[in-house]
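Novice:
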Amino acid sequence: MALLTRVLIVAFICMSAACSPIVAPSSVSEPYPPATEPVIGDIQHLPTGTLLSFEQMVAGIRGNRLIYIGETHDNPASHRLQFETIQALHANSKRNLAIGMEMFHPGQQTVLDAWSQGELSEKEFIQQTNWYETWRIDYGYYRELLNLIRDLKLPVVALNISKQDKMAAMSGNTPLPTNIDPYYRETLLAYFEGHSHGSANPDSFIKIQSLWDDTMAQSIVTFLQHPAHLNDQMIVIAGGNHIRHGYGIPRRVFQQLPFGYTLIGNKDLEVDDSKKEKYMDVRLPEVPLPTYHYLVYTRYEAGPE
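Mapping of the sequence shown onto my numbering: position 239 corresponds to residue 492, and the numbering continues sequentially without gaps.
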């Protein structure tokens, strides 16, 4: 049975790098509701319904080599969660920590390396990554996160497909993969059908989204399989739709690297007036998988000033 759900538009039906709506988890995804009504700041372990402190969450995830944090790109609360998680894991882990980011493609890797070594100013970094051409979201949302990464000298791994390769895939005649996860496909179809898309082809939309997730998963696998990184821990930062339920990036990675991972995301209990117009109704399929392992309750906040 499909569930009518409010989602953020965030122009997801476009094929730009910054497309990723957030979806309110369904009851199927949350079999154990918390005993008390959650409030902003609460953290819930969805497989058990248990409310935890941030410190308890960190203790529960630090043993895994892969931690995925799904974000709403333009919500400062998402980026604070990433900031605090990176800071805590760096302080408590004996492993080298790397950060995989959807926001960048391999053509920008040398710039990312220079940033991590403190060799670039913010202005130089924005210019050399062509930030506003390739990502198109206010840099202010990511400033504190990227400054932390630079200050801790953490390597950043570019995960995404380049704009040129993405456009080539969109214009080509490559058929849809035959092994697409059925829940993944049905969810993407729901997004597509819930949006005014004119004469666009749903197969093209699903194909590019699948290519996008395939590419990011392979980037993670390539890094973690490198002899220099066999014991490294990675935090993956990407839009919630690439991580939620695990059928985007995580499932693809696990099929090649079957070791423990954690999914973390946020759910907004309040929405700032400036963001309310971004919602639309989408009839989502029921998915018999938790949205995340750990869900942080947040407010969808106004952007940077």
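C-beta: ideal position from N, C-alpha, C; glycine also.
The structure displayed is predicted, hence computed values, not measured ones.
Within its chain, find whatever has a CB closer than 6 Å to the CB of L441; leave out the 5 residues flanking it on each side and keep chain order.
Specialist: Along the sequence shown, one-based indexing puts residue 441 at 188. Result list for L441: I459, Q462, in chain order.
Novice: I believe V489 touches Y321 by the beta-carbon criterion, under 8 Å. Please report the beta-carbon distance rounded to the nearest angstrom.
Specialist: On the sequence shown, residue 489 is found 236 positions in, with the first residue counted as 1. On the sequence shown, residue 321 is found 68 positions in, with the first residue counted as 1. Contact flag correct, Cβ pair sits at about 5 Å.
Novice: Looking at the structure shown, is M354 part of a helix, part of a strand, or coil, going by DSSP?
Specialist: Looking up residue 354 in the sequence shown gives position 101. In the structure shown, M354 sits in a strand (DSSP, three-state: E or B).
Novice: Tell me where the beta strand (DSSP E) around A411 begins and ends.
Specialist: Indexing the sequence shown from 1 puts residue 411 at position 158. 409-411 is the span of the beta strand (DSSP E), which, as asked, contains A411.
Novice: Taking buried to mean at least 16 other C-beta atoms within 10 Å of its own C-beta, is V292 buried or exposed?
Specialist: Start at 1 with the first residue of the sequence shown, and residue 292 comes out as number 39. V292 is exposed by the Cβ-count criterion.
Novice: Tell me the rounded alpha-carbon separation between V410 and M356.
Specialist: Position 157 of the sequence shown, counted from the first residue, corresponds to residue 410. Position 103 of the sequence shown, counted from the first residue, corresponds to residue 356. If I take the Cα positions, the gap works out to 10 Å.
Novice: Which one or two residues does DSSP pair with R552 in a beta bridge?
Specialist: Sequence index remark: in the sequence shown, residue 552 carries index 299 (1-based). According to DSSP, R552 bridges with E523.
Novice: Please classify M354 as buried or exposed, where buried requires at least 16 neighbouring CB atoms within 10 angstroms.
Specialist: Sequence index remark: in the sequence shown, residue 354 carries index 101 (1-based). The residue in question, M354, is buried, as its Cβ has 16 or more Cβ neighbours within 10 Å.
Novice: Can you name the start and end residues of the beta strand (DSSP E) that L305 belongs to?
Specialist: Locating residue 305 in the sequence shown gives position 52, where the first residue counts as 1. It spans 303-305 - the beta strand (DSSP E) in which L305 sits, taken as one unbroken run.
Novice: Can V540 and H495 be called in contact, C-beta distance under 8 Å?
Specialist: As a first step, residue 540 is located in the sequence shown; it is residue number 287 there, counting from the start. As a first step, residue 495 is located in the sequence shown; it is residue number 242 there, counting from the start. Not a contact, by the Cβ cut-off of 8 Å.
Novice: Have a look at A367 and F378 and give me their C-alpha separation to the nearest angstrom.
Specialist: Translated into the one-based positions of the sequence shown, residue 367 becomes position 114. Translated into the one-based positions of the sequence shown, residue 378 becomes position 125. So the alpha carbons of these two residues sit roughly 9 Å apart.
Novice: So the candidates are P359, K347, S457, A491; which of them puts its Cα closest to the Cα of F476?
Specialist: Locating residue 476 in the sequence shown gives position 223, where the first residue counts as 1. Checking every option, the nearest Cα to that of F476 belongs to P359.
Novice: In three-state terms, what does DSSP make of L542?
Specialist: For the purposes of this step, residue 542 is taken as the residue at position 289 of the sequence shown. Correct three-state label for L542: coil.
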